[in-house]
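The sequence shown begins at 11 in the numbering used here and counts up one residue at a time.
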Amino acid sequence: MRYYVKTEANDRGDHVVHREDCQFLPNEEGRKALGEAAKPETAVGRARDEFDSVKGCQTCCA
11 MRYYVKTEAN DRGDHVVHRE DCQFLPNEEG RKALGEAAKP ETAVGRARDE
61 FDSVKGCQTC CA
C-alpha cells in the first residue's frame, strides 16, 4: 500500500499519515509521498524523519 503524509499540521500540531485509498487523503499540493509500506507504522516512521509530530489517520491507519 502507498502512504502519504499531510504537509500541513492539524490543530494539535500533528502531521497525519494516510493510505492512498483514504477518503481523507489531502490533495496533491497538501501531501508528501512516503512510498510503499506493508504496515502503517512503517509509513509513520518515515514521516517522523521529516516532521516532529506525526500520527496515523484514525480512519485508514488504525
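Glycine residues also receive a C-beta, built at the ideal position from the N, C-alpha and C atoms.
| Item | Value |
| --- | --- |
| In the DSSP assignment, find the unbroken beta strand (DSSP E) run with A47 in it and report its ends. | Neither: A47 is in no beta strand (DSSP E) and is coded neither H nor E. |
| Which partner residues does R29 have in the DSSP bridge list? | Y13 |
| Provide the residue span of the beta strand (DSSP E) that contains G66, from first to last. | 64-66 |
| Under the rule that 16 or more other beta-carbon atoms within 10 Å means buried, what is A43, buried or exposed? | exposed |
| Per DSSP, which one or two residues make a beta bridge with R58? | Answer by DSSP bridge pairing: none, since R58 is not bridged. |
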